[in-house]
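To convert, note that position 25 of the sequence shown is 25 in the UniProt record's numbering; the numbers rise steadily by one, no gaps.
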Amino acid sequence: MGSWWLELFCRIKTDKLIKFLRDIDLLDESDLEILDKEKIWGLDFISFSIEDYRRCGLKWGPATRLVKAAWEIKNKNGILLPPNTCAVLSTLSQSLGQSPVSGFTK
Numbered sequence: 001m002g003s004w005w006l007e008l009f010c011r012i013k014t015d016k017l018i019k020f021l022r023d024i025d026l027l028d029e030s031d032l033e034i035l036d037k038e039k040i041w042g043l044d045f046i047s048f049s050i051e052d053y054r055r056c057g058l059k060w061g062p063a064t065r066l067v068k069a070a071w072e073i074k075n076k077n078g079i080l081l082p083p084n085t086c087a088v089l090s091t092l093s094q095s096l097g098q099s100p101v102s103g104f105t106k
């Protein structure tokens, strides 16, 4: 497939995506409920725009955080991510039979 993040997020369905976002404390429960209701998967997470999330019913803040987080993950740039993101991604990756994630810039 190519990129590590594409291989990982293509395998993530709504329940695992919500657990990941909850574990890194990126959104509140009402925003996570919207993602659950709209059945947002990992591939959606890494490819959606702010407008896509807004159409799902998210406010500007959560939509912006999701898009920025996806960009940071794809670029292994942890500057704007919660501090535990790399560890949570590694656990998620290993639970799906993939290598742990490493190499995030701080």
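Using N, Cα and C, we set each Cβ at its ideal position, and we do this for glycine too.
None of these values were measured; they are calculated from a predicted model.
8 Å Cβ cutoff met for residue i and residue j
{"i": "Ile50", "j": "Thr64", "result": "yes"}
{"i": "Lys31", "j": "Leu58", "result": "The amino acid occupying residue 31 in the given sequence is Asp; Lys does not appear at that position. Closer than 8 Å, so yes."}
{"i": "Thr14", "j": "Trp41", "result": "yes"}
{"i": "Ala70", "j": "Leu26", "result": "no"}
{"i": "Tyr53", "j": "Leu66", "result": "yes"}
{"i": "Gly103", "j": "Lys74", "result": "no"}
{"i": "Glu38", "j": "Cys56", "result": "yes"}
With 16 other Cβ atoms within 10 Å as the buried cut-off, status of residue i
{"i": "Trp5", "result": "buried"}
{"i": "Leu89", "result": "buried"}
{"i": "Ser93", "result": "buried"}
{"i": "Leu21", "result": "buried"}
Integer-rounded CB distance, given that residue j should sit under 8 Å from residue i
{"i": "Pro82", "j": "Ile24", "result": "5 Å"}
{"i": "Asp36", "j": "Ile12", "result": "Between Ile12 and Asp36 the Cβ distance is about 13 Å, and since that is not below 8 Å, they are no contact."}
Endpoints, alpha helix (DSSP H) assigned at residue i
{"i": "Asp23", "result": "Thr14 to Asp23"}
{"i": "Gln94", "result": "Thr85 to Ser95"}
{"i": "Leu66", "result": "Trp60 to Lys74"}
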